[in-house]
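Engineer:
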Amino acid sequence: MRLVHNDPVKARFLPAVLLAAALSSCAANPGPPPVEEAAPSPEPTSSSAVPTTTSSRADEVINVGVDPLPAGFNPHLQSDDSTLTRSLAALTLPSAFRDGAVDGDLLVSAELVEPEPMAGETVAQTVRYVIAPEAQWSDGTPITGADFRYLWQGMINTPGTIGSAPYREITAIRTSPDGRTVDVDFVTVVANWQQLFRHLLPGHLLQVDAGDFDTAFVDDLPASGGRYMISAVDRSRGVVTVNRNDRFWGQDPAATDRVTFREIRSVTQGVEQLRTGQVSFLDVVPAETSFDAYSLMLDTQVRTLDQPRELTLSMSTTSPLLQDQAVRAELHSLLDVPLIARLAAGRSADLRVPPHTQARNPEEGPPALLPGLTGEEGRPLRLGVNPADDSAVAAGRSIVDLLSRFGVAAEVTTTDLGDLAGNLLPAGRVDAVIAWEGSSGGPLEMADQWLCPPDPDTPRAGNLSGYCTPETDAMARSLLSGETPAPEGQAFFAGQNAREHVRVPLLGERRVLVLGEGIVGPDPDLDNWTAGISTVASWRKQ
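Residue numbers for the sequence shown, in mature numbering (1 follows the signal peptide of the UniProt record, and there is no 0): -27 to -1, 1 to 515.
#1: Pick out the complete beta strand (DSSP E) segments inside the segment 345 to 422, 3 residues or longer, and give them in chain order.
#2: Excluding five sequence neighbours on each side, which residues of the same chain lie with their C-beta closer than 8 Å to the C-beta of T277?
#3: Which residue or residues does DSSP assign as beta-bridge partners of N36?
#4: Between the C-alpha atoms of V244 and P150, what's the straight-line distance to the nearest angstrom?
#5: Closest Cβ-Cβ distance between P175 and chain D: below 8 Å?
#6: Fully enclosed by the segment 110 to 182, which beta strand (DSSP E) runs are 3 residues long or longer?
#7: At 3 residues or longer, and completely inside the segment 224 to 311: list those beta strand (DSSP E) runs for me, N to C.
#8: On a CA-only basis, which of V403, S253 and D193 is nearest Q296? Give me that one, please.
#9: With A464 as the anchor, note down where its alpha helix (DSSP H) starts and where it stops.
#10: Identify whether L424 lies in helix, strand or coil by the three-state DSSP scheme.
#11: Between the segment 213 to 224 and the segment 105 to 123, do at least 3 Cβ pairs fall closer than 8 Å?
#12: Whole angstroms are fine: how far does the CA of E336 sit from the CA of S511?
#13: Would you grab the beta carbon distance between R235 and G176 for me? Rounded to a whole angstrom, and I think it's under 8 Å.
#14: Does DSSP put S507 in a helix, a strand or coil?
#15: Based on the DSSP output, what are the partners of T99 in its beta bridges?
#16: Rounded to whole angstroms, what's the CA-CA distance from R239 to V157? Just pull it up for me.
#17: Measuring only the C-alpha atoms, how far is P426 from G395?
#18: In whole angstroms, what is the alpha-carbon distance linking F46 and D207?
#19: What's the call for residue 573, buried or exposed, on a 16-neighbour Cβ count within 10 Å?
#20: Quick check on the DSSP output: the beta strand (DSSP E) that includes D207 runs from which residue to which?
#21: Ends of the alpha helix (DSSP H) at P443?
#22: How many Å lie between D290 and I129 at the Cα?
#23: Excluding the 5 residues preceding and the 5 following V163 in the sequence, name in chain order all residues of the same chain whose CB lies nearer than 6 Å to its CB.
#24: Please state whether the Cβ-Cβ distance between L194 and P67 is less than 8 Å.
#25: Got a sec, what are the start and stop residues for the beta strand (DSSP E) R484 sits in?
#26: Helix, strand or coil: which one does DSSP assign to A318?
#27: Using CA atoms only, rank isn't needed, just tell me which of R282, L307, G250 and R378 is closest to L271.
#28: Is the CB-CB distance between F70 and Q224 below 8 Å?
#29: Checking 8 Å against the spacing of the C-beta atoms, do L424 and T285 come in under that value?
#30: Between the Cα of A145 and the Cα atoms of P429, W409, P88 and S55, which residue gives the shortest distance?
#31: Along the chain, where does the alpha helix (DSSP H) that runs through R217 open and close?
#32: Could you tell me the distance, in whole angstroms, from the CA atom of S413 to the CA atom of Q331?
#33: Compare the Cα-Cα distances from Q280 to each of V37, H49, K514 and T503 and report the closest residue.
#34: Label S287 either buried or exposed according to how many other C-beta atoms from any shown protein chain fall within 10 Å of its C-beta, with 16 as the threshold for buried.
#35: Taking the C-alpha atoms as reference points, what is the distance between L(-5) and V493?
#36: Apart from the five residues just before and just after C441, which ones in its own chain have a Cβ nearer than 6 Å to its Cβ?
Here it is, written out as structure tokens:
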């Protein structure tokens, strides 16, 4: 991590009367939705949410620079996963737990209770959630067990979800007549159950069976249960606007009426918008000169931040070309990871290259297996990538060019991750996928990435490779139950991957944060911030 301090940000204190008025306007009011006074805002392209800005705070707007908008806003889909998606979810969606503790805004309590015997079913663990009576969506609908059920069904029935493994251990969700007490039954013990039911979605506006889980949030989030609500998404301009949710009932409502997230597509644009005050904060993927350019500016603080995500090549073990371990090992040996990382990121500065093995030199001649398998009597090796992910596309094309130097024919297949995970991988029509995956090494994450699919031909989530042995499945389940500690699981799967060549990390996610003038965040020192734009609810105008 690098941190540059230029001229310190000077605190400015509001007069007491104005401060009291601002605090008064923050009070939650579960009455009728407020009507927005006329104020300039980006034109929405596909949002039906009602803005909630009040006239007394209409000038309280913070502008933030971000990466290009994601394909969608569902934080549970691998295809939509991005820093902006996760941050918007933290600002707008309710969660059972936050930072390891019960979210007292949403829940009165969450605890293990004695399982009730169910006819024909084994119940090893029951978790009871009691929802706060004030908890409601921004349209006034109460948050209930139906929202828990929608998330559960979406996670287990949608290809390409993130963290579906523990949800697959749920056998039933039972609710009280008023919907406020929710009992969740598990067929096996899930030790880290506190990590479930994060970022609940407004099930009352969606299909009961969650059949729209992968499509309902492409353009916005239709209702909010958090401090902010999405009021406009303008993809043509690259702008997302969130307004303070005046129906939010909990503690510490949003300190600012409106936050606008604007795409920053170049360092030049970012510098200019910071200089002119069009944005006050940046949270973006760095370019070659980002750190130097932003550090030269007066009154800015700049730091880089690594995220627990890696762009990863997952080889399908059910592929007709890569089902043999020897072929996977040969493909792995041809991958020049530092070169691929530079080409995928489009930079050599501030580059996070994962641990890797030395690649084969083309001067050593063609390898033994892949040229024949992909030659005239075979077919090209197919790499699946999401066309909305520029880094994945660049990595895929770089690998195709790299393999051609060894006489290996390969091609890139571009389609969304839902299609790759749900259709092309199980059918053997693509041989590997390049996508961003978690790299925190947590128990649930490892279980999700290594748990055996129900069947080789079923849609995939988490374990995109489809790799399955009794030993890896047992270890994944042991991590789920808490019987095996995370470090032991990490060592086991690292060794397994080194032998079987299933997953090859290509690029680690590194971001650059820039704090300019005009806002007061969690701490005057950017180095002390624990997160970036996900903390925006506590920011205020300077």
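Idealized CB from N, CA, C, for every residue including glycine.
Structural biologist: Inspection of the coordinates gives the following:
#1: 354 to 358, 383 to 387 and 405 to 411
#2: Here residue 277 corresponds to residue number 304 of the sequence shown, with the count starting at 1. Around T277: M(-27), R(-26), P259, F264, D323, R483, R484, V485 and L486.
#3: Indexing the sequence shown from 1 puts residue 36 at position 63. Beta-bridge pairing links N36 to T233.
#4: Counting from 1 along the sequence shown, the entry for residue 244 is found at position 271. Counting from 1 along the sequence shown, the entry for residue 150 is found at position 177. Their Cα atoms are separated by approximately 56 Å.
#5: Although the question refers to chain D, the structure presented lacks it and comprises just one protein chain.
#6: 143 to 148 and 154 to 159
#7: 231 to 236, 254 to 257 and 274 to 288
#8: Counting from one through the sequence shown, the residue named residue 296 turns up at place 323. The residue with the shortest Cα to Cα distance from Q296 is V403.
#9: Here the question's residue 464 lines up with position 491 in the sequence shown. Unbroken alpha helix (DSSP H) run through A464: A459 to E473.
#10: What you label residue 424 is simply residue 451 of the sequence shown in a count that begins at 1. In the structure shown, L424 sits in coil (DSSP, three-state: anything other than H, G, I, E or B).
#11: yes
#12: The residue labelled residue 511 in the question sits at position 538 within the sequence shown. The residue labelled residue 336 in the question sits at position 363 within the sequence shown. Taking the straight line joining both Cα atoms gives about 57 Å.
#13: As a position in the sequence shown, residue 235 is number 262, starting the count at 1. As a position in the sequence shown, residue 176 is number 203, starting the count at 1. So it is not a contact: roughly 31 Å between Cβ atoms.
#14: Stepping through the sequence shown from its first residue, residue 507 is reached at position 534. Residue state, collapsed to three classes: helix.
#15: Position 126 of the sequence shown, counted from the first residue, corresponds to residue 99. Note: T99 sits in a beta bridge opposite V86 and D158.
#16: Here residue 239 is taken as the residue at index 266 of the sequence shown, counted from 1. Here residue 157 is taken as the residue at index 184 of the sequence shown, counted from 1. Here residue 239 is Ser; the residue named in the question, Arg, does not match the sequence. Whole-angstrom Cα-Cα distance: 47 Å.
#17: Residue numbering aside, residue 426 sits at position 453 when the sequence shown is read from its first letter. Residue numbering aside, residue 395 sits at position 422 when the sequence shown is read from its first letter. If I take the Cα positions, the gap works out to 12 Å.
#18: Mapped onto the sequence shown, residue 46 falls at position 73. Mapped onto the sequence shown, residue 207 falls at position 234. Each residue's Cα considered, the two are about 13 Å apart.
#19: Beyond the ends of the chain as shown, which are -27 and 515, falls residue 573; an answer cannot be given.
#20: Within the sequence shown, numbered from 1, the residue matching residue 207 stands at position 234. Per DSSP, D207 belongs to the beta strand (DSSP E) from Y201 to D207.
#21: In the sequence shown, residue 443 corresponds to position 470, counting from 1. Segment P443 to S454, the alpha helix (DSSP H) holding P443.
#22: Here residue 290 refers to the residue found at position 317 of the sequence shown. Here residue 129 refers to the residue found at position 156 of the sequence shown. Position check: residue 290 holds Thr in this sequence, whereas Asp was assumed. If you take the alpha carbons of T290 and I129, they lie about 22 Å apart.
#23: Taking the sequence shown and counting its residues from 1, one reaches residue 163 at position 190. Here the set comprises P139, E142 and L453.
#24: As a first step, residue 194 is located in the sequence shown; it is residue number 221 there, counting from the start. As a first step, residue 67 is located in the sequence shown; it is residue number 94 there, counting from the start. No, the Cβ-Cβ distance between L194 and P67 is not below 8 Å.
#25: Here residue 484 refers to the residue found at position 511 when the sequence shown is read from its first residue. Looking at the DSSP string, the run of the beta strand (DSSP E) that includes R484 is R476 to L488.
#26: Your numbering for residue 318 matches position 345 in the sequence shown. In the structure shown, A318 sits in a helix (DSSP, three-state: H, G or I).
#27: Counting from one through the sequence shown, the residue named residue 271 turns up at place 298. Checked all of R282, L307, G250 and R378; the closest Cα to L271 is G250.
#28: Here residue 70 corresponds to residue number 97 of the sequence shown, with the count starting at 1. Here residue 224 corresponds to residue number 251 of the sequence shown, with the count starting at 1. The answer is no: Cβ separation not under 8 Å.
#29: Position 451 of the sequence shown, counted from the first residue, corresponds to residue 424. Position 312 of the sequence shown, counted from the first residue, corresponds to residue 285. Contact: no.
#30: Looking up residue 145 in the sequence shown gives position 172. Closest by alpha carbon: P88.
#31: Position 244 of the sequence shown, counted from the start, is the residue given in the question as residue 217. Note, R217: premise wrong, no alpha helix (DSSP H); beta strand (DSSP E) at V212 to R217.
#32: Counting from one through the sequence shown, the residue named residue 413 turns up at place 440. Counting from one through the sequence shown, the residue named residue 331 turns up at place 358. The alpha-carbon atoms of S413 and Q331 are separated by roughly 24 Å.
#33: Position 307 of the sequence shown, counted from the first residue, corresponds to residue 280. Minimum Cα distance to Q280 is reached at T503.
#34: Locating residue 287 in the sequence shown gives position 314, counting from the first residue. Buried.
#35: Within the sequence shown, the letter at position 23 stands for residue -5. Within the sequence shown, the letter at position 520 stands for residue 493. Low per-residue confidence applies at L(-5): pLDDT is 33, beneath 50, and the placement is therefore not dependable enough to give any value.
#36: Taking the sequence shown and counting its residues from 1, the one referred to as residue 441 is at position 468. For C441, where only same-chain residues beyond five positions count, the Cβ hits under 6 Å are C425.
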